[in-house]
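Asks: Just remember that the working numbering sits 19 ahead of the position in the sequence shown, which is counted from 1. Where is the CB? At the ideal position from N, CA and C, for every residue including glycine. The structure presented is a predicted model; accordingly, all values stated were derived computationally and were not measured. Below: one structure in structure tokens.
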Amino acid sequence: MLSRIAESLYWIGRYVERAEDTARILDVHLHRMLQDPWTDEEQACRSLLAVMGLPIGEHESASLPGVVERLGLDLTSTSSVLGALAAARENARGARETVSAEMWECLNTTWLGLAGSRRRIEEGGVHQFFTWVRERCSVLAGLADATMSRDEGWLFLVLGRSVERVDMTARLLSTHTRAGGSIPNWLTLLRSCGAWETYLRTYRGSLSDRHAAEFLLLDRLFPRSILAALVTAESCLAELEPVAGTTRTGRVGMGTDAQRILGRARTDLAYRSPDELLADLGPVLSGLERTCSQVNDAVSARYFRQTAAVHWQAGAVA
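And the structure:
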């Protein structure tokens, strides 16, 4: 597969997942502030922007409309919902020969619908807008599952989705820890991940800090848990590499830097007890965010085209 196409599919997976998860995080944040009218809006907004990697200056003001603007409606930033969806559509436009017609139509229709985002928020509120975003992202994920062959293109798409899911779920949990997590906050967090009903079936209705953290971090069967996403990303990388043992490098450790980084993170998470994770949740989540950044760099260096800068020389002739 051409590295250009592989990179486009990888980033489609990342951007669509980023749009959906950013919508979920904003929805949780707004719900939390509505539930607790004594929340310091300025501090809560600063904290959220910092978690999402968009801190503001000490002398700048932070407000709820400003957060919705930067994380929801800023088309110039791929960190926002609209910016990520627009970037996903642009990558799909460059890989039309690989994505299915249904996937392209879904992304293009979503992109065309972004023009009415502000009007949709004014008429129905931000919750309705975020629900629309989640539904559109889910439709695309379903179409990808139904219409793509399980070849290298599929593996890069799922790899990008899984890496982004680890990063964004860690950020979602970070908003909880910074807000001084409590049982009501865990309930809101589980609902935002679409995990509430599955959680109730798994733990027979018992809601506790330990169980909620265990479910979102370590559950192997729930696809939005961090451990499940790490395992999926590892599986994609393993299939993208030659079969172990057919090459000399296959005999020693893991074949690529990305596999080593993911393997260390997955092992460190899987072999910690839930109580230990809960006691050390902040550093664990920060470490997972760094892991995703390192994996992205490693995947880019190995699979995607690296274009060096062109140095012009005076007097050079063609």
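Measuring only the C-alpha atoms, how far is A105 from W123?
Replies: Stepping through the sequence shown from its first residue, residue 105 is reached at position 86. Stepping through the sequence shown from its first residue, residue 123 is reached at position 104. In a straight line, the C-alpha of A105 is about 12 Å away from that of W123.
Asks: Quick check on the burial criterion: 16 or more other C-beta atoms within 10 angstroms. Buried or exposed for G274?
Replies: Along the sequence shown, read from residue 1 onward, the residue named residue 274 stands at position 255. So G274 counts as buried.
Asks: Please say whether T217 and I44 have beta carbons closer to each other than 8 Å?
Replies: Here residue 44 refers to the residue found at position 25 when the sequence shown is read from its first residue. Here residue 217 refers to the residue found at position 198 when the sequence shown is read from its first residue. It is not a contact, given that the beta carbons lie outside the stated cut-off.
Asks: When the distance is taken between beta carbons, is V100 closer than 8 Å to T188?
Replies: The residue you call residue 188 lines up with position 169 of the sequence shown. The residue you call residue 100 lines up with position 81 of the sequence shown. The answer is no: Cβ separation not under 8 Å.
Asks: Report yes if the CB atom of T97 is closer than 8 Å to the CB atom of Y34, and no otherwise.
Replies: Against the sequence shown, residue 97 aligns to sequence position 78. Against the sequence shown, residue 34 aligns to sequence position 15. Contact: yes.
Asks: Which residue comes first and which comes last in the alpha helix (DSSP H) that contains L73?
Replies: Counting from 1 along the sequence shown, the entry for residue 73 is found at position 54. Segment: none, L73 is in no alpha helix (DSSP H) and carries neither H nor E.
Asks: Since Y218 is in the alpha helix (DSSP H), which residue starts that stretch and which ends it?
Replies: Position 199 of the sequence shown, counted from the start, is the residue given in the question as residue 218. It spans 215-222 - the alpha helix (DSSP H) in which Y218 sits, taken as one unbroken run.
Asks: If you draw a straight line from the alpha carbon of R108 to that of W130, how long is it in whole angstroms?
Replies: Within the sequence shown, the letter at position 89 stands for residue 108. Within the sequence shown, the letter at position 111 stands for residue 130. If you take the alpha carbons of R108 and W130, they lie about 7 Å apart.
Asks: By a C-beta neighbour count over all protein chains shown, 10 Å radius and 16 as the cutoff for buried, is T265 buried or exposed?
Replies: The residue labelled residue 265 in the question sits at position 246 within the sequence shown. Reliability fails at T265, whose pLDDT of 44 lies under 50, so the model's placement of it is uncertain and no value is given.
Asks: Assuming W205 and A231 form a contact by the criterion Cβ under 8 Å, report the distance between their Cβ atoms to the nearest whole angstrom.
Replies: The residue labelled residue 205 in the question sits at position 186 within the sequence shown. The residue labelled residue 231 in the question sits at position 212 within the sequence shown. Yes, W205 and A231 are in contact; Cβ-Cβ is about 4 Å, under 8 Å.
Asks: Tell me whether L307 is buried or exposed, calling it buried when 16 or more other Cβ atoms sit within 10 Å of its Cβ.
Replies: Taking the first residue of the sequence shown as 1, we reach residue 307 at position 288. With 16 or more other Cβ atoms within 10 Å, it is buried.
Asks: Please go through the same chain and pick out, in chain order, the residues whose beta-carbon is closer than 6 Å to the beta-carbon of I24, but skip the five residues on each side of it.
Replies: Position 5 of the sequence shown, counting from 1, holds the residue named residue 24. Closer than 6 Å at the Cβ level, and outside the excluded window around I24, lie A114, T117.
Asks: With E39 and M52 assumed to form a contact (beta carbons below 8 Å), what rounded beta-carbon distance in angstroms separates them?
Replies: As a working mapping, residue 39 is identified with position 20 in the sequence shown. As a working mapping, residue 52 is identified with position 33 in the sequence shown. That pair is no contact at about 21 Å.
Asks: Using 8 Å as the Cβ pair cut-off and three pairs as the minimum, do the region 208-223 and the region 61-69 touch?
Replies: No, the region 208-223 is not in contact with the region 61-69.
Asks: Where R155 and S136 are concerned, what is the direct C-alpha to C-alpha distance, given to the nearest angstrom?
Replies: Counted from its first residue, the sequence shown places residue 155 at position 136. Counted from its first residue, the sequence shown places residue 136 at position 117. If you take the alpha carbons of R155 and S136, they lie about 13 Å apart.
Asks: Determine the DSSP secondary structure at V86, reduced to helix, strand or coil.
Replies: Locating residue 86 in the sequence shown gives position 67, counting from the first residue. Helix.
Asks: When the Cα atoms are used, what is the spatial distance from P56 to H48?
Replies: For the purposes of this step, residue 56 is taken as the residue at position 37 of the sequence shown. For the purposes of this step, residue 48 is taken as the residue at position 29 of the sequence shown. So the two alpha carbons sit approximately 13 Å from each other.
Asks: Helix, strand or coil for R155? Go by DSSP, reduced to three states.
Replies: Taking the sequence shown and counting its residues from 1, the one referred to as residue 155 is at position 136. Helix.
Asks: Nearest CA to the CA of E141: which residue from P84, L90, T286?
Replies: Along the sequence shown, read from residue 1 onward, the residue named residue 141 stands at position 122. Selected option, being the one with the closest Cα: P84.
Asks: Measuring straight from C-alpha to C-alpha, what distance separates I31 and R223?
Replies: As a working mapping, residue 31 is identified with position 12 in the sequence shown. As a working mapping, residue 223 is identified with position 204 in the sequence shown. If I take the Cα positions, the gap works out to 37 Å.
Asks: Give the DSSP-derived three-state secondary structure of E260 in the structure shown.
Replies: Working through the sequence shown from its first residue, we reach residue 260 at position 241. E260: coil per DSSP, three-state reduction.
Asks: What first and last residue would you give for the alpha helix (DSSP H) that runs through E116?
Replies: Translated into the one-based positions of the sequence shown, residue 116 becomes position 97. E116 -> no alpha helix (DSSP H), and no H or E assigned at all.
Asks: Look at the Cβ atom of V182, then the Cβ atom of C311, and state whether they are nearer than 8 Å.
Replies: Along the sequence shown, read from residue 1 onward, the residue named residue 182 stands at position 163. Along the sequence shown, read from residue 1 onward, the residue named residue 311 stands at position 292. Yes, Cβ-Cβ distance for V182 and C311 is below 8 Å.
Asks: First and last residue of the alpha helix (DSSP H) that includes G306?
Replies: The count along the sequence shown starts at 1 and reaches residue 306 at position 287. Start and end: 300-322.
Asks: Please classify P242: does DSSP put it in a helix, a strand, or coil?
Replies: What you label residue 242 is simply residue 223 of the sequence shown in a count that begins at 1. P242 falls in the coil class under three-state DSSP.
Asks: Which residue's Cα is closest to the Cα of R13: F234, F241, T128, E258?
Replies: Beyond the ends of the chain as shown, which are 20 and 337, falls residue 13; an answer cannot be given.
Asks: Would A81 be called buried (16 or more neighbouring beta carbons within 10 Å of its own) or exposed?
Replies: Against the sequence shown, residue 81 aligns to sequence position 62. When all chains shown are included, A81 counts as buried.
Asks: Looking at the secondary structure, which residues open and close the alpha helix (DSSP H) in which G135 lies?
Replies: The residue given as residue 135 occupies position 116 in the sequence shown. Counting along the chain, G135 falls outside any alpha helix (DSSP H), and DSSP gives it neither H nor E.
Asks: From T196 to V177, what distance separates their C-alpha atoms?
Replies: In the sequence shown, the residue the question calls residue 196 occupies position 177. In the sequence shown, the residue the question calls residue 177 occupies position 158. Going from the Cα of T196 to the Cα of V177 covers about 28 Å.
Asks: Identify the continuous alpha helix (DSSP H) that holds M52 and give its terminal residues.
Replies: By 1-based counting over the sequence shown, the position of residue 52 is 33. That run of the alpha helix (DSSP H) goes 22-54.
Asks: Return the CA-CA distance between R267 and E253, expressed in angstroms with no decimal places.
Replies: By one-based count along the sequence shown, residue 267 stands at place 248. By one-based count along the sequence shown, residue 253 stands at place 234. Its pLDDT being 48, under 50, R267 is placed unreliably in this model, and the coordinates cannot settle the point.
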